[in-house]
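Asker: Structure below; questions to follow.
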Ligand SMILES: [Fe+2]
């Protein structure tokens, strides 16, 4: 029998946000807070309109959500623990340092909205926690980082193992958190649900 192993593996972390939270985050309160902040944030709304961004993101307008709103402070504290667990899993030698949350923002994607393929520069770990995932809304689409090298590679059979696929779709439910390394390209395909898809994304880095 041949021995076949996996090398240079891309890890994806998935857990319930509250599993590692000392003080639990109430999902309904988090959702209400996201909606209230979006309604009040005129600078953010103007930025989204200028950029042609569908829906709302606080990314460019509010850089201190955890300080301003206690519930986002709780989210960040819980995320700190998830990120530490993921770094452990990844075998990172952080030389006694800890990665810190350097950005945390709300995304509200209405029906028909998409978020095109991107990476998160200047960060080590990125991720999202899910606040509203209506029936029929989009999954997160993750892309094999080696695609640019695969000029003659055949396509992979649909029924091949998930870890062999070139694209992977993950559809978390409300209250879950996903983490990946920030260089991993991902996108949110079109939200086909009538209701908004709401999530909170974040970056962790050296400072
Ligand atoms: Fe992203």
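Residue numbers (our numbering): 129 to 335.
We put the CB at the ideal spot given by N, CA and C, even for glycine.
This one's a predicted model, so the numbers in the text were calculated from it and none came from an experiment.
Quick check on the contact list: which residues have their beta carbon closer than 6 Å to a heavy atom of ligand 1?
Answerer: Residues flagged by the Cβ proximity filter: 246, 248, 314 and 329.
Asker: Count the CB pairs spanning the stretch 278-287 and the stretch 223-236 that are closer than 8 Å, and state whether there are at least three.
Answerer: Too few Cβ pairs lie closer than 8 Å, so no.
Asker: Rounded to the nearest angstrom, how far is the Cβ of residue 183 from that of residue 253, given a contact under 8 Å?
Answerer: Actually they do not touch by this definition, with Cβ atoms about 25 Å apart.
Asker: How would you label residue 261, buried or exposed, when you count the other beta carbons within 10 angstroms and need 16 or more for buried?
Answerer: So residue 261 ends up on the buried side.
Asker: Just to confirm my understanding: we take residue 218, look at its own chain, exclude 5 residues before and 5 after, and list those with CB closer than 8 Å. What are they?
Answerer: Answer for residue 218: 139 and 309, listed in chain order.
Asker: I'd like to know whether the C-beta atoms of residue 257 and residue 305 end up nearer to each other than 8 Å.
Answerer: Yes, these two residues count as a Cβ contact at 8 Å.
Asker: Within 10 angstroms of the Cβ of residue 330, are there 16 or more other Cβ atoms? Answer buried if so, exposed if not.
Answerer: Buried: at least 16 other Cβ atoms inside 10 Å.
Asker: Please classify residue 319 as buried or exposed, where buried requires at least 16 other C-beta atoms within 10 Å of its C-beta.
Answerer: Flag for residue 319 reads buried.
Asker: According to DSSP, what are the bridge partners of residue 258?
Answerer: In DSSP, residue 258 forms a bridge with 327.
Asker: Are the stretch 207-223 and the stretch 165-180 touching, with three or more C-beta to C-beta distances below 8 Å?
Answerer: Segments in contact, no.
Asker: Cβ of residue 270 within 8 Å of Cβ of residue 316?
Answerer: No.
Asker: Taking the beta strand (DSSP E) that residue 243 belongs to, which residues open and close that run?
Answerer: Per DSSP, residue 243 belongs to the beta strand (DSSP E) from 243-246.
Asker: Between 146, 325 and 332, which lies nearest to residue 240 when the distance is taken from Cα to Cα?
Answerer: Ranking the options by Cα distance to residue 240, first place goes to 325.
Asker: Excluding sequence positions up to five away, which residues of its chain have a Cβ less than 6 Å from the Cβ of residue 200?
Answerer: Result list for residue 200: 193 and 194, in chain order.
Asker: Just the Cα atoms here: how many angstroms apart are residue 211 and residue 149?
Answerer: Looking at the two C-alpha atoms, the distance is approximately 12 Å.
Asker: In whole angstroms, what separates the C-alpha of residue 312 from that of residue 187?
Answerer: Roughly 19 Å separates the two Cα atoms.
Asker: On the criterion of 16 or more Cβ atoms from any shown chain inside 10 Å, does residue 133 qualify as buried, or is it exposed?
Answerer: So residue 133 ends up on the exposed side.
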